[in-house]
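A.B. asks: Right, I'll just put the structure down here and ask away after.
Residue numbers (the UniProt record's numbering): 1 to 76.
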């Protein structure tokens, strides 16, 4: 094979690797955030206290459930 063909093959392989790597990394990140949400119950409790609200368990559970349901809505 000539040098020009090898260069074209290398460029095609780089482009394909980049595209495949992007989608694999994106899927892994979505799964990670789905399994480990960035805000948990303790963080919500702390935020409510800092805003001057006394967090009741009912209100806290509603907020946590609302956030969990929102994570599920973004899945396609």
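Even glycine gets a Cβ: it sits at the ideal position worked out from N, Cα and C.
For residue 37, tell me which candidate among 70, 9, 1 and 52 has the shortest Cα-Cα distance.
C.D. replies: The sequence position of residue 37 within the chain shown is 37, counting from 1. Comparing Cα positions, the closest option is 70.
A.B. asks: Taking C-beta to C-beta, are residue 41 and residue 64 nearer than 9 angstroms?
C.D. replies: Along the chain shown, one-based indexing puts residue 41 at 41. Along the chain shown, one-based indexing puts residue 64 at 64. Yes, the Cβ-Cβ distance between residue 41 and residue 64 is below 9 angstroms.
A.B. asks: Just curious, the alpha helix (DSSP H) that residue 54 is in, first and last residue?
C.D. replies: For the purposes of this step, residue 54 is identified with residue 54 of the chain shown, where counting begins at 1. Per DSSP, residue 54 belongs to no alpha helix (DSSP H) and is neither H nor E.
A.B. asks: I want to check one thing, is the minimum distance from the CB of residue 36 to the heavy atoms of the ligand GTP below 8 angstroms?
C.D. replies: The model depicted lacks the ligand GTP and carries no ligand whatsoever.
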